[in-house]
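Structure, as structure tokens:
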Amino acid sequence: MRPGTLETAQRPFVLIWELTQACGLACNHCRADAKPQRHPDELSTAEGKALLKDAAEFGDGQLVVLSGGDPLVRDDVEELIASGDDLGLRMTITPSGTGSLTAGRIEAMADAGLKRMAVSLDGASAETHDAFRGEEGSFAETIRAVEDARAAGLPVQVNTTVCRQTVDELPAIRELLTDLGAVMWSVFFLVPVGRGRILEPITPERADVVMAWLAEVSETEPFGVKTTEAPQYRRVVMQRQGETAAGGEKGAAPDPGVKRRTGIVAGDGFAFVSHTGEVFPSGFLPESAGNVRDRPVTDSYRNSALFQSLRDRDRLSGKCGACPYRHVCGGSRSRAFAHTGDPLASDPLCPFVPEGYDGPLPWDDADGGARGVSSGG
1 MRPGTLETAQ
11 RPFVLIWELT
21 QACGLACNHC
31 RADAKPQRHP
41 DELSTAEGKA
51 LLKDAAEFGD
61 GQLVVLSGGD
71 PLVRDDVEEL
81 IASGDDLGLR
91 MTITPSGTGS
101 LTAGRIEAMA
111 DAGLKRMAVS
121 LDGASAETHD
131 AFRGEEGSFA
141 ETIRAVEDAR
151 AAGLPVQVNT
161 TVCRQTVDEL
171 PAIRELLTDL
181 GAVMWSVFFL
191 VPVGRGRILE
201 PITPERADVV
211 MAWLAEVSET
221 EPFGVKTTEA
231 PQYRRVVMQR
241 QGETAAGGEK
251 GAAPDPGVKR
261 RTGIVAGDGF
271 AFVSHTGEVF
281 PSGFLPESAG
291 NVRDRPVTDS
301 YRNSALFQSL
311 RDRDRLSGKC
321 GACPYRHVCG
331 GSRSRAFAHT
341 GDPLASDPLC
351 PFVPEGYDGP
361 LPWDDADGGA
371 RGVSSGG
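UniProt numbering puts the sequence shown at residues 1 to 377.
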């Protein structure tokens, strides 16, 4: 058994806290299916500070992402950032591109100890981005917010959703990121949850092509590149470099030359706390391992049966379970859950078929799937 690395068994690389699901936008891809009004059972400021104190038990420098909805709907964000910063947490935020993200609010968050701000760009122009976000003026607000963040000395990350509606925009978004001075491009491959169920994913074969292109981008641009809900990016990078899983053996350990962080998956290096305190492996995998009101987030992450199963790559089923890259990839557990109800099933976005595997293929039952490519193809 290989229940994750020692490091990921004890702490996530990324802990997201969804402050609220309230938001003034109606984005087509919204995981939270956000609504204008706040939920009456959201974690209070005091409960949020208790959560941050528990999160600090993961270890010094734990990364915490404040998300939503639109987290700036709440008026205690700066107080929470300062509290987390005092505890030694690396506090970051993903606000919505709305009028709530003023220059004054950005400066106040930076003064409170915010380390990075992430904004979403799903199109390289007002026409394409605003259409996807469902709000005229969202693109202009987002670009203005990036400029305000840079003026406040705050590094900016850009998040982009990849689906059939946005994939052709990626080259232009790449150019825009360079102009904006972004430090990181986080490219999210659609998981059909929330309002995202109405969107069309790209085919598995095209996903591999996009990931190979992203690997090239990472080598030539000044900003970093990471993928979300697409751990097969590690396999694509290794194959592009002419590498295999160490020794080329089934279930082999990660090649030491490939950074571990890029292979985190839901529950293994990643955890999510909902606006009402439920602890999920990911915001896209809404299975609860406990609530922070009655169980510390550290305990849910380290000891719950759900999280432990997700850290054991030998428990994966189907072609993911037979894949020689499973310990460096593992597939999107969130996408597997969304399509099958089983977080240990195969990820239907990955076209790779292990050599000699003759079991069921995940796209046989998935809409719009593509035939896979074998390890020799």
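Backbone N, C-alpha and C define an ideal beta-carbon position, used for all residues, glycine too.
Asked: C-beta contact flag for residue 446 and serine 282 at 7 Å; Found: A question about residue 446 goes unanswered here, because the residues of the chain that appear run from 1 up to 377.
Asked: Cα-Cα separation between serine 44 and glutamate 18, rounded to whole angstroms; Found: 12 Å
Asked: Close Cβ partners of leucine 87 (< 7 Å) along its chain, the five nearest in sequence each way excluded; Found: Leu52, Lys53, Ala56
Asked: Sequence-distant residues of the same chain with beta carbon closer than 6 Å to threonine 8, five excluded per side; Found: Asp268, Gly269
Asked: Limits of the beta strand (DSSP E) - the one that alanine 55 falls within; Found: First-last for alanine 55: 45-55, but that is the alpha helix (DSSP H), not the beta strand (DSSP E).
Asked: Alpha-carbon spacing of cysteine 23 relative to histidine 39, whole angstroms; Found: 11 Å
Asked: Whole-angstrom distance between asparagine 159 and aspartate 358, CA atom to CA atom; Found: 37 Å
Asked: Residues near valine 67 in its chain [Cβ-Cβ closer than 8 Å; skip 5 each side]; Found: Sequence check: residue 67 is serine here, not valine. Result list for serine 67: Ile16, Trp17, Glu18, Leu19, Ile93, Thr94, Gly283, in chain order.
Asked: Bridge-paired residues (DSSP) for phenylalanine 139; Found: Answer is none; phenylalanine 139 lacks a bridge partner.
Asked: DSSP beta-bridge partners of arginine 335; Found: In DSSP, arginine 335 forms no bridge with anything.
Asked: Aspartate 168 - DSSP class collapsed to helix/strand/coil; Found: helix
Asked: C-beta atoms of valine 162 and valine 146 nearer than 7 Å; Found: no
Asked: Short Cβ contact (7 Å threshold) for valine 191 with alanine 338; Found: yes
Asked: Close Cβ partners of alanine 103 (< 6 Å) along its chain, the five nearest in sequence each way excluded; Found: Asp148
Asked: Proline 192, DSSP secondary structure in three states; Found: coil
Asked: Rounded distance between the beta-carbons of lysine 115 and arginine 90, thought under 8 Å; Found: 5 Å
Asked: Range covered by the beta strand (DSSP E) that runs through glutamine 308; Found: It is not in any beta strand (DSSP E) - glutamine 308 instead sits in the alpha helix (DSSP H) that spans 305-310.
Asked: Limits of the alpha helix (DSSP H) - the one that serine 83 falls within; Found: 77-86
Asked: For serine 125, three-class secondary structure by DSSP; Found: coil
Asked: Alpha-carbon to alpha-carbon, proline 12 and valine 64; Found: 10 Å
Asked: Best match in Ala46, Gly84, Glu42 for proximity to aspartate 60 [C-alpha to C-alpha]; Found: Gly84
Asked: Proximity below 7 Å, CB of leucine 344 to CB of serine 300; Found: no
Asked: Opening and closing residue of the beta strand (DSSP E) in which threonine 220 lies; Found: No beta strand (DSSP E) holds threonine 220; the alpha helix (DSSP H) holding it covers 204-220.
Asked: For glycine 90, the first and last residue of its enclosing beta strand (DSSP E); Found: Strictly speaking, residue 90 in this sequence is arginine, with glycine absent from that position. From DSSP, the beta strand (DSSP E) with arginine 90 extends over 90-93.
Asked: Straight-line Cα distance separating phenylalanine 189 from threonine 228; Found: 6 Å
Asked: Inter-residue spacing [alpha-carbon to alpha-carbon] between proline 296 and glutamate 127; Found: 44 Å
Asked: Nearest-angstrom Cα separation, counted from aspartate 168 out to glycine 330; Found: 27 Å
Asked: Buried or exposed (CB count within 10 angstroms, at least 16 for buried), aspartate 347; Found: buried
Asked: Nearest-angstrom Cβ-Cβ length linking isoleucine 202 and arginine 164, presumed shorter than 8 Å; Found: 6 Å
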